[in-house]
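*Asks:* Structure incoming, see below.
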Amino acid sequence: MLTSLRIQNLALIDDVEIPLEPGLTVLTGETGAGKSIIVGAVGLILGDRASPDLIRQGEDEGSVEVLFDIDPTGPAREHLDALGLLDSYGQLVARRVLTRAGKSRAYLGGRLATLGELRRAVAPLIDISSQHAHTTLLDIAAHRVILDRFGDLGVALAEYVAAYDAWRGAEAEHRAFLAAAKGRSERMDLLRFQLSEIDQVSPKPGEDRALEEELTVLRHAAELLSATSQIENQLYSKRGAITDQLAELVRVMRSASAKDGSLSPLVARLESARLDLEDVGQEVRQYRSRVTVNPRRLDEAEDRLTALDKLGRRFGPRAEDILKRRREMATELTGLESFDDRMVALDRAAKAARVVAEGLASRLTEARRRVSRRVEGRIAEELHELGMPGAKFAVAIGVEAALGPFGVDAIEFTLSANVGESPMPLAKIASGGELSRIMLALKRVLAEADTVEFYVFDEVDTGVSGAVGERIGLKLHETTRTRQALCITHLPQVACHADTQLRVFKESLAGRTVTRVERLDEAGREEELARLLAGVEVSGAARLAARELLTRALHR
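Written out as structure tokens, the structure reads:
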């Protein structure tokens, strides 16, 4: 529940902390005492817009702070756990600060938060109903939400939404395919031409690099032959070649080593050098046999590399890249050639998805019609008990022409306030007092499926008689069997049903007017109810009537 509401420097309030008890808390007081400021402060913690003019004169900031103590088994626990906001004691502190500069700061659990985060956290926990806050009832889009929540249709709606999204996705894919296929013929011709260009050249992996190396040799064949011929002759072929000279040196060194054994290692090294140079000479000879001056092959290799370079500039740069691009184009061409089959498949998929979505939408409509009959019956009972015996509440469900995000149903709440009149949309015929009672009836009916922990009812008894007011008081008290509520009222028949009664009043302090809130004991409640009954002059008869109201409410 909401255990504490603290307001600082707003309008006539300098610093007021309102401790809130379980059950129904009633605020009473003279008009202008500041009761509406308290309701407005609750609205600020819900994220309502605020003007800097609301800040108390002479102050730079105003603030509202609330403390929630969340029931571990209550419907709001899962909501706040998902946001990770509860402390180890299952509590949440939320705060909103307004500045004279028009800025606003929000805090959740002592941490700075955005206004959107504040709304997401607190809005599902507090609900305000007032003469000026019936937007939920007058907003047709909200009627579907209320009906679905009452009927616990969340699962059915989620199934439909998933099917609706699947159908929209299939339709989008089909449309995209058709749009892309507008240039299908031209694209196929282009792909075939490009594939033909590649196939005419028929590149091989690594071929371009091999050609580059071959061309280097062909272009310098004469120089390479001359160089290798000279090396071979000097090392190996001519008379007195280097290897022959080394052979003679080996013989001389071997003879010397016979006289001095320390020279033996040098013999081996000279012999190894001779053998290495012989190998070099033979390999050079073999290389020369492979190198030829071949102008014809040079032209062929240059032409081939030019053809590969031309493809590389468009599809490359290397032969492997050209071949990869060819595979991609061939795959695309195959897909385009199977266009008709693909188009038929996508069309069938979209139609099948629509059939599924339409079936689930139909089931959702049937479920909503069943739920609407229950809602109508339950709210009719509540309205009858709230002094509207001739009222007829009806849920109008029309079928839209096309599937929508929430089905095909156009849902609107209607009311006939008097016998013999046709139900009309609430926005057209319901007065403020009637809207207040309809809202209270809805709260009573929807309480089981509601995440709201704290209801605020601001003068929902406006425009009703004392007898109807007493029924409203009873209904308010019944509502707080599972929820906590704060009610602002001028009717003693409502106030007598409070579990806790607070009086709001003004006083002068150091030349300034301030709003104060006090908790009334039994005697104080009797006096306050008598004032509400009698007006300025409180008589003994008024006190007796007040005592009777309290006694009757105690034995309700």
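Residues in the sequence shown are numbered consecutively from 2, following this note's numbering.
Even for Gly, the Cβ is constructed at its ideal location relative to N, Cα and C.
Name the DSSP beta bridge partners of Thr217, please?
*Replies:* Bridge partners of Thr217: none, in fact.
*Asks:* Comparing alpha-carbon positions, which option in His556, Glu333 and Ser540 lies nearest Leu192?
*Replies:* The residue with the shortest Cα to Cα distance from Leu192 is Glu333.
*Asks:* Residues bridged to Arg275 by DSSP?
*Replies:* DSSP lists no partner for Arg275.
*Asks:* Can you give me the C-alpha to C-alpha distance between Ala257 and Leu264, rounded to a whole angstrom?
*Replies:* Straight-line Cα distance between these residues: approximately 7 Å.
*Asks:* Starting from Ala362, trace the beta strand (DSSP E) in both directions and tell me its first and last residue.
*Replies:* From DSSP, Ala362 is part of no beta strand (DSSP E) but of the alpha helix (DSSP H) over Phe340 to Glu386.
*Asks:* Out of Ile398, Ala397 and Ala381, point me to the one whose CA is closest to Gly391's CA.
*Replies:* The residue with the shortest Cα to Cα distance from Gly391 is Ala381.
*Asks:* Which residue or residues does DSSP assign as beta-bridge partners of Ala95?
*Replies:* Paired residues: Val67 and Leu109.
*Asks:* Hey, Ala95 and Ala124: beta-carbon distance below 8 Å or not?
*Replies:* Result no, Cβ atoms of Ala95 and Ala124 do not sit closer than 8 Å.
*Asks:* For a test of the three-state rule: what should DSSP assign to Glu60, helix, strand or coil?
*Replies:* Three-state result, Glu60: coil.
*Asks:* At what residues does the alpha helix (DSSP H) containing Ala51 begin and finish?
*Replies:* Element bounds for Ala51: n/a, residue is neither H nor E.
*Asks:* Measure how close the beta-carbons of Gln235 and Ala242 come, nearest whole angstrom, since I'm counting them as under 8 Å.
*Replies:* Gln235 to Ala242, Cβ: 6 Å. Contact.
*Asks:* Spell out the partners DSSP gives Ser509 in its beta bridges.
*Replies:* According to DSSP, Ser509 bridges with Thr514.
*Asks:* Report the rounded CA-to-CA distance for Leu55 versus Arg355, giving the unit in angstroms.
*Replies:* For Leu55 and Arg355, the distance between alpha carbons rounds to 53 Å.
*Asks:* Of the choices Ala181, Val17 and Val372, whose alpha-carbon is the least far from that of Ile147?
*Replies:* Selected option, being the one with the closest Cα: Val372.
*Asks:* With burial defined as no fewer than 16 other Cβ atoms inside 10 Å of the residue's Cβ, what is the status of Arg532: buried or exposed?
*Replies:* Result: buried.
*Asks:* Keeping to the same chain, check which residues put their C-beta closer than 7 Å to that of Val285; ignore five residues upstream and five downstream.
*Replies:* Closer than 7 Å at Cβ, skipping near neighbours: Thr229, Ile232 and Glu233.
*Asks:* In three-state terms, what does DSSP make of Met2?
*Replies:* Correct three-state label for Met2: coil.
*Asks:* Could you tell me the distance, in whole angstroms, from the CA atom of Gln502 to the CA atom of Glu422?
*Replies:* Each residue's alpha carbon lies about 40 Å from the other.
*Asks:* Taking all protein chains shown into account, do 16 or more other C-beta atoms lie within 10 angstroms of the C-beta of Leu545, making it buried, or fewer, making it exposed?
*Replies:* Flag for Leu545 reads exposed.
*Asks:* Where does Glu301 sit, in a helix, a strand or coil, going by DSSP?
*Replies:* Looking at Glu301 - three-state DSSP - the assignment turns out to be helix.
*Asks:* Using a Cβ-Cβ cutoff of less than 6 Å, which residues in the same chain neighbour Leu306 once the five nearest sequence positions on both sides are dropped?
*Replies:* Around Leu306: Leu212.
*Asks:* Where does Val393 sit, in a helix, a strand or coil, going by DSSP?
*Replies:* It should be noted that the sequence gives Lys, not Val, for residue 393. Lys393: strand per DSSP, three-state reduction.
*Asks:* In three-state DSSP terms, what is Asp88?
*Replies:* Asp88: coil per DSSP, three-state reduction.
*Asks:* Among Glu386, Glu377, His498 and Ala107, which one has its Cα closest to the Cα of Thr415?
*Replies:* Ranking Glu386, Glu377, His498 and Ala107 by Cα distance to Thr415 puts Glu377 first.
*Asks:* In this structure, does DSSP put Gly24 in helix, strand or coil?
*Replies:* The answer is coil: DSSP assigns Gly24 none of H, G, I, E or B.
*Asks:* With distances taken from CA atoms, which of Leu87, Leu93, Ser130 and Val65 is nearest Thr100?
*Replies:* Nearest C-alpha to Thr100: Val65.
*Asks:* Taking DSSP as the reference, what is the three-state secondary structure of Leu11?
*Replies:* Note: Leu11 maps to strand in three-state DSSP.
*Asks:* Are the CB atoms of Ala320 and Pro406 nearer to each other than 8 Å?
*Replies:* Contact: no.
*Asks:* Using the beta-carbon count (16 or more within 10 Å), is Thr217 buried or exposed?
*Replies:* Thr217 comes out exposed.
*Asks:* Quick check on Gly408: buried or exposed, where buried means 16 or more other Cβ atoms within 10 Å of its Cβ?
*Replies:* Buried.
*Asks:* Since Pro426 sits in a beta bridge, which residues does DSSP pair it with?
*Replies:* DSSP lists Thr415 as partners of Pro426.
*Asks:* In whole angstroms, what is the alpha-carbon distance linking Ala402 and Asp410?
*Replies:* Their Cα atoms are separated by approximately 9 Å.
*Asks:* Alpha carbon to alpha carbon, what distance is there between Ile489 and Leu25?
*Replies:* Their Cα atoms are separated by approximately 11 Å.
*Asks:* When the Cα atoms are used, what is the spatial distance from Phe316 to Glu208?
*Replies:* Answer to the nearest angstrom: the Cα atoms are 15 Å apart.
*Asks:* For a quick check, are the C-beta atoms of His175 and Leu337 less than 8 Å apart?
*Replies:* Their beta carbons are not under 8 Å apart, which means His175 does not touch Leu337 by this criterion.
*Asks:* Please work out which residues of its chain come closer than 8 Å, Cβ to Cβ, to Val292, disregarding the five sequence neighbours upstream and downstream, and give them in chain order.
*Replies:* If we look at Val292 and ignore the five residues flanking it on each side, its Cβ neighbours are Val218, Ala222, Leu225, Leu226 and Thr229.
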